[in-house]
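At position 115 of the sequence shown (counting the first as 1) the number is 1036 in the working numbering, and the numbers step up by one without a gap. Every residue gets a Cβ at the ideal spot worked out from N, C-alpha and C, and that includes glycine. All of these numbers come straight from a predicted model, not from anything done at the bench.
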Amino acid sequence: MTPNELPPQIDTPAAWVGRDLAERPEDWLYQLNPGDIKDLEQAARQFLTLDRDVGEITAEDFPLMQFAGHLSALRNKLLNGVGVEVLRGLPIERYDQRTAAAIFCGIGAHLGSARSQNAQGHILGHVRDVGRDPNDPTARIYQTSARQSFHTDSADVVGLLCLRDAKEGGDSLLVSAETIYNRMRATRPDLLALLFDPIATDRRGEVPDGMDPYMTIPPFSWHAGRLTVFYQRQYIDSAQRFEGALLLTPAHVEALDLFDALANDPNLHITMRLHPGDMQFVYNHAMLHDRTGFVDWPDPNQRRHLFRLWLSLPGDRLLPPVFAERYGDLTVGARGGIITDKTRLHAPLD
């Protein structure tokens, strides 16, 4: 794509500026009321009587009354609105881990279908520091306490449930890809055009059968009238070790550096602290998420721990064909996740 071929400036509810969005919590923060909590708890109790793996939960297994209406509105907010919502006030301290997982996965089942988050087929992910080296090219950054950097995941929506927060740090950061696009279009369209090139991204050892150890998906794609982002700078950099990957030119590096600088602009991104019981849902195709580094508690039973869901939503946008390198099947409502020949879908609770 040349600078003259760039789409026009994007003006949607997802093209927000973090400084402004932070002043409008009513747009992205929802306080659960006693009726909502009662609804979620009774649905969890009903599911748990089935004695099934939490990864198998469906909306029918998790029957909701009043809260189903809010989840329908949440799905629309993710797809067509600001693209993020935090559900606050779940009394997580009174649940065992299985009940908390049932509530979280049950909410996910009403929003869409859960996808595998790694080669082992984990529907329910565990975000915590397990001692991996963030500089190891096979490590997943969420398994460390290091700063993550702004990135996207391999699903339509990313959900988090905070079980325990860190002693210090671990804040959640979000930035609008459309706002980054608009700023680059206004100031450096020459560099912006390079972000539509097929830049390689490292698979970090989780390679589907017959595929390369890297993907060649552009950071920005324009398809069916929508801008879609796919980005993880550390994985772009580490993919340069592979023979056959597109070699980054100095101009590509400058474009990526400008992208990162805009994402890290405190005026453009929003920072929020997730407290125990908070659930955050983020639309992955229109924004990037990040987490600051953190210092954990010395007691292993107190250490930072979040559940994570990757979801595919019905009624979502079409994705460019090149996304099949990561998603495989691009069917709306049944796409995303990490699938290899060894994958078995399940939800480990530990």
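- Between the beta-carbon of Phe-968 and that of Thr-1073 there is about 30 Å, and that puts the pair past the 8 Å contact cut.
- Non-local beta-carbon contacts of Asp-1250 in its own chain, meaning distances under 7 Å to residues more than five positions away in sequence, involve Arg-1256 in chain order.
- Per DSSP, Gln-1018 is not a residue of any beta strand (DSSP E); the alpha helix (DSSP H) it occupies stretches across 1018-1032.
- In the structure shown, Phe-1228 adopts extended strand secondary structure according to DSSP, grouped into three states.
- In the DSSP assignment, Gly-1146 falls outside any alpha helix (DSSP H), carrying neither H nor E.
- With fewer than 16 other Cβ atoms inside 10 Å of its own Cβ, Asp-941 counts as exposed.
- Rounded to the nearest angstrom, the gap between the Cα atoms of Val-975 and Ala-1023 is 6 Å.
- As the crow flies, the alpha-carbon of Trp-1143 is around 8 Å from that of Pro-928.
- By the C-beta criterion, the stretch 1032-1042 is judged to be in contact with the stretch 982-997, since at least 3 inter-stretch pairs fall below 8 Å.
- The residue among Leu-1270, Glu-1127, Pro-946 with its C-alpha nearest the C-alpha of Gln-1041 is Glu-1127.
- For Asp-1111, DSSP records no beta bridge to any residue.
- According to the DSSP secondary-structure assignment, Ala-1035 is paired through a beta bridge with Leu-1232.
- The alpha-carbon separation between Glu-1089 and Val-1048 amounts to approximately 16 Å.
- Sorting Leu-1209, Gly-1010, Met-1200, Arg-1106 by C-alpha distance to the C-alpha of Gly-939 places Leu-1209 at the top.
- Residues Ala-1121, Asp-1123, Asp-1133, Pro-1134, Tyr-1135 of the same chain have their beta carbon placed closer than 8 Å to that of Phe-1163, with the five preceding and five following residues left out of the count.
- Residue nearest to Arg-1154 within the set Val-1078, Leu-1116, Gly-1046 is Leu-1116 (criterion: CA-CA distance).
- Taken through DSSP and simplified to helix, strand or coil, Asp-1199 comes out as coil.
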